[in-house]
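The letter at position 44 of the sequence shown is residue 45 when you use this note's numbering, and the numbering goes up by one with no holes.
Each residue gets a CB set at the ideal place from its N, CA and C atoms; glycine is no exception.
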Amino acid sequence: MGFFRRKEGRAASNNNNNNNNNIHHHFEKDGQESVFSNSSSRASSTSARLPVSSIRSSNNSPTSHPIPEATMAPPPDPNLDPAAYLRSIHAVRQRCGLVMEKAKENQLNHFDVDMSKFQTTAQYIVSIIKRDYAPDFQSIPDHGRWQHFDVGGKPRINQLLQSWPSTIDNLERARRLIDLFLVSVLLDAGAGNTWSYKSKESGKVYRRSEGLAVASLEMFKAGMFSSDHTEPCQVDGAGLRRLTVGALAKRMQHSEENPLAGLEGRAGLLARLADALNNQELFGVDARPGNMLGRCFMLFSPFPPPHYSVLQY
Numbered sequence: 002m003g004f005f006r007r008k009e010g011r012a013a014s015n016n017n018n019n020n021n022n023n024i025h026h027h028f029e030k031d032g033q034e035s036v037f038s039n040s041s042s043r044a045s046s047t048s049a050r051l052p053v054s055s056i057r058s059s060n061n062s063p064t065s066h067p068i069p070e071a072t073m074a075p076p077p078d079p080n081l082d083p084a085a086y087l088r089s090i091h092a093v094r095q096r097c098g099l100v101m102e103k104a105k106e107n108q109l110n111h112f113d114v115d116m117s118k119f120q121t122t123a124q125y126i127v128s129i130i131k132r133d134y135a136p137d138f139q140s141i142p143d144h145g146r147w148q149h150f151d152v153g154g155k156p157r158i159n160q161l162l163q164s165w166p167s168t169i170d171n172l173e174r175a176r177r178l179i180d181l182f183l184v185s186v187l188l189d190a191g192a193g194n195t196w197s198y199k200s201k202e203s204g205k206v207y208r209r210s211e212g213l214a215v216a217s218l219e220m221f222k223a224g225m226f227s228s229d230h231t232e233p234c235q236v237d238g239a240g241l242r243r244l245t246v247g248a249l250a251k252r253m254q255h256s257e258e259n260p261l262a263g264l265e266g267r268a269g270l271l272a273r274l275a276d277a278l279n280n281q282e283l284f285g286v287d288a289r290p291g292n293m294l295g296r297c298f299m300l301f302s303p304f305p306p307p308h309y310s311v312l313q314y
C-alpha cells in the first residue's frame, strides 16, 4: 500500500455503486510505489477500527512515526492580513494537520494512513522538486486552477475579466470567478491517459488538468452552468440540475475514441453541488457558489474584503 489507502469497506462500496467511474490519482514513476493506493488486499476489518498506533505493518514494526518539525519564518499575522496568512505554508500545515491527526487516530471515513511510509513519501516528493527546480527553488511557480486556465501562456482569466463590461463591479467579478473555479475544480481529477480536449476558441489540444480547465472555462462562457440565458457567466443550482451526463459528455468531447475517465462521477458531483446550493444562508436565493462571499465578509469584518486576484494564488 501507499502512504494513504482507501478503506476496505468504502472501496468495495464505491466499486459496487460507481463501477469504473471512480476518479483516483496515482503518483508512480520508475517503478516507485504509489503515494496513494486503492489496494485494500492487505487491509483487515480489524484495522478499520483501530488507531494507526495499534496497527503494525508487514514487518511487524509500528506504523506510527512522528513528523519532524520544520524551522520556518513566522507566518503573516492573520489579524492584520488574513489573505496572506491563508496563502502561507503555516495555514496549509494547520488545516492539513487537523486531517492528519484524525487519520492517525483512524477516524477518517474513507482513508487509512500508514506512517511507516512517511519518510519514503517525503523523499520521493523532495526528489521530484530537486529534479525539476534545483538549485533555484525560488523559480517554482504558483500552481493552482488559475495556472491551469492559463496553459500555453494565454492569460484566459484576465481575458475573461476584460470581456465583462466595466459596470460589473469587483464583488460580482469575484462571485463569477468563484462560480467558475468551484465547478472547474470539481470537474478536475485524473482524465485518463488517452483523453484530450480541442479548444473551440483556439483549435489547440490540451490534456489532463489543463484540458479539463480549458473545457470547463469554455462551458462556463457558453452558459452551460447557468439557468439565466441573459447571464451565461455564472453557476447556479438550477443550471447544474439541467446538465445531463450526455450534455457533459458532448462538451467534454467524450467518445469511445476519446474517453474521459469518470464521466458519470463528474456529473454526479455537479448534481450534488446543485443540492448543496439550496442552502440560502450561504448561497442566496439564486443558489450561486459565489454568494459564499457574504459569509466571507462576515469573517473578514472589520477588514476590507480581499480582491478577486487572491484566487490567483
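Cβ separation of residue i and residue j, assumed to be a contact under 8 angstroms, to the nearest whole Å
i      : j      : result
Gly238 : Ala214 : The pair is not a contact, with the Cβ atoms about 23 angstroms apart (cut-off 8 angstroms).
Leu264 : Ala250 : 6 angstroms
Val196 : Asn259 : For the sequence presented, residue 196 should be read as Trp rather than Val. Going by Cβ atoms, the distance from Trp196 to Asn259 rounds to 6 angstroms, so yes, they are a contact pair.
Tyr198 : Val206 : 7 angstroms
Met392 : Leu261 : As displayed, the chain neither begins before 2 nor continues past 314, which places residue 392 out of reach and without an answer.
Tyr70  : His149 : The amino acid occupying residue 70 in the given sequence is Glu; Tyr does not appear at that position. Rounded, the Cβ-Cβ distance is 33 angstroms, inconsistent with contact.
Val184 : Leu271 : 7 angstroms
Tyr134 : Ser140 : 6 angstroms
Residues sharing a beta bridge with residue i, DSSP
i      : result
Tyr198 : Tyr207
Close-in-space but distant-in-sequence residues of the same chain around residue i (CB under 6 angstroms, 5 per side omitted)
i      : result
Phe221 : Leu181
Ser59  : Note that Ser59 has pLDDT 43, beneath the 50 cutoff, so the model's placement of it is unreliable and no number is given.
Leu81  : none
Gly224 : Pro233
Val246 : Glu265, Ala268
Top-ranked residue by Cα proximity to residue i, from the options
i      : options                        : result
Phe298 : Gln163, Leu172, Ser117, Ser228 : Leu172
Ser228 : Val100, Leu241, Ser217, Leu218 : Leu241
Glu202 : Ser210, Leu218, Asn194         : Leu218
Asp115 : Leu87, Lys105, Ala123          : Lys105
Ala216 : Glu232, Gly285, Arg146, Thr231 : Arg146
Arg352 : Gln160, Ile130, Asp143         : Since the first residue shown for the chain is 2 and the last is 314, residue 352 is missing from the structure and cannot be characterised.
Val152 : Arg209, Ser256, Glu257         : Arg209
Own chain partners of residue i with C-beta closer than 8 angstroms, once the 5 adjacent residues on each side are dropped
i      : result
Ala288 : Asp237, Gly238, Ala239, Ala275, Leu278, Asn279, Gln281
Ile130 : Phe138, Ile141
Other residues of its chain near residue i: CB distance less than 7 angstroms, five sequence neighbours each side excluded
i      : result
Leu109 : Lys103
Leu162 : Arg174
Any non-hydrogen atom of the ligand HEM closer than 7 angstroms to residue i Cβ
i     : result
Gln95 : The ligand HEM is not part of the structure shown, which contains no ligands of any sort.
ask   = Does the count of Cβ pairs from the region 253–269 and the region 186–194 closer than 8 angstroms reach three?
value = Contact holds: three or more Cβ-Cβ distances are below 8 angstroms.
task = Flag this pair as touching only if the region 168–185 and the region 289–299 have three or more C-beta atom pairs under 8 angstroms; answer yes or no.
result = Counting Cβ pairs under 8 angstroms, three or more are found: they touch.
query = Are the region 152–163 and the region 278–286 touching by the rule of at least three beta carbon pairs closer than 8 angstroms?
reply = The answer is no - the region 278–286 does not touch the region 152–163, with fewer than three Cβ pairs under 8 angstroms.
ask   = Using 8 angstroms as the threshold, is the region 89–107 in touch with the region 73–81, meaning 3 or more CB pairs across them?
value = With three or more CB-CB distances shorter than 8 angstroms, the region 89–107 counts as touching the region 73–81.
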